[in-house]
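>
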């Protein structure tokens, strides 16, 4: 028999009788698997107002002086979302701001696009807050190549120009959703699905993308498959793409642009 005894709003004790232990362990395992999958479906909710990220825990320390003499060194070593947290008393407005999103990115590359990321690496105060954004610049006929964000849904709005955008659903359907977006239009790319944006116009285009993670990550499909280090065996790729190995070797020899 399963018995749940709440100790508080945050804590629950689970008691299991010795009868039918095997079946009950299976039930408990399934229950824990379900709750764990729900708990880690997205960035965890913060348990404090903010947690300004620092890479060096020494930067979380406060020095206390009296008459030019060091009295004490106090450090707050809180580790959240893969980052050390700065002592909240030492946080400043600079920890929550970023400059430069008005500056166009350099699109003079093979794909004709550039992504300016604004995530926890650029704004330390985003740590634990579960959001980030990016500016995407496109040259005429520029492409943000097919890619995925393994940790975030993306919502994109066009500021200038016209974009042909789309995403592909998972196996087995692999259904393609596409739309032409003009200035002011918005489109959503579900978390983890392959998607792209292509500038169909004769002029530059600009878009802003919001993400449901402080660090959404990006996997550019062509780069990952043909530009991995070390390279994937050409036998594997030739069979997977049903092409001659010479084609694979040619693709692996290319310089792949990371946006």
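Residue numbers (the UniProt record's numbering): 1 to 259.
Built from N, CA and C at the ideal position, the CB exists for glycine as well.
Count the other CB atoms within 10 Å of the CB of residue 181; is the residue buried (16 or more) or exposed (fewer)?
Counted from its first residue, the chain shown places residue 181 at position 181. By the neighbour-count rule (16 or more Cβ atoms within 10 Å), residue 181 is buried.
> Which of the three DSSP states, helix, strand or coil, is assigned to residue 107?
Taking the first residue of the chain shown as position 1, residue 107 is located at position 107. In the structure shown, residue 107 sits in coil (DSSP, three-state: anything other than H, G, I, E or B).
> On the three-pair Cβ rule with 8 Å, is the stretch 194-210 touching the stretch 133-147?
yes
> How is residue 219 classed by DSSP in three states: helix, strand or coil?
Taking the first residue of the chain shown as 1, we reach residue 219 at position 219. It is a strand residue.
> Between residue 249 and residue 235, is the Cβ-Cβ spacing less than 7 Å?
As a working note, residue 249 is residue 249 in the chain shown. As a working note, residue 235 is residue 235 in the chain shown. No.
> From residue 133 to residue 93, what does the alpha carbon distance come to, in whole angstroms?
In the chain shown, the residue the question calls residue 133 occupies position 133. In the chain shown, the residue the question calls residue 93 occupies position 93. Each residue's Cα considered, the two are about 19 Å apart.
> With 16 other CB atoms within 10 Å as the buried threshold, where does residue 167 fall?
Residue numbering aside, residue 167 sits at position 167 when the chain shown is read from its first letter. Result: buried.
> Tell me the DSSP secondary structure of residue 141 in three-state form.
To locate residue 141, count along the chain shown from 1; it is residue 141. Reduced to three states, the DSSP call for residue 141 is coil.
> Could you check the C-alpha separation between residue 83 and residue 99 for me, to the nearest Å?
Sequence index remark: in the chain shown, residue 83 carries index 83 (1-based). Sequence index remark: in the chain shown, residue 99 carries index 99 (1-based). About 22 Å.
> Confirm, please, whether the CB-CB distance from residue 216 to residue 175 is below 7 Å.
As a first step, residue 175 is located in the chain shown; it is residue number 175 there, counting from the start. As a first step, residue 216 is located in the chain shown; it is residue number 216 there, counting from the start. For residue 175 and residue 216, no; Cβs fall outside 7 Å.
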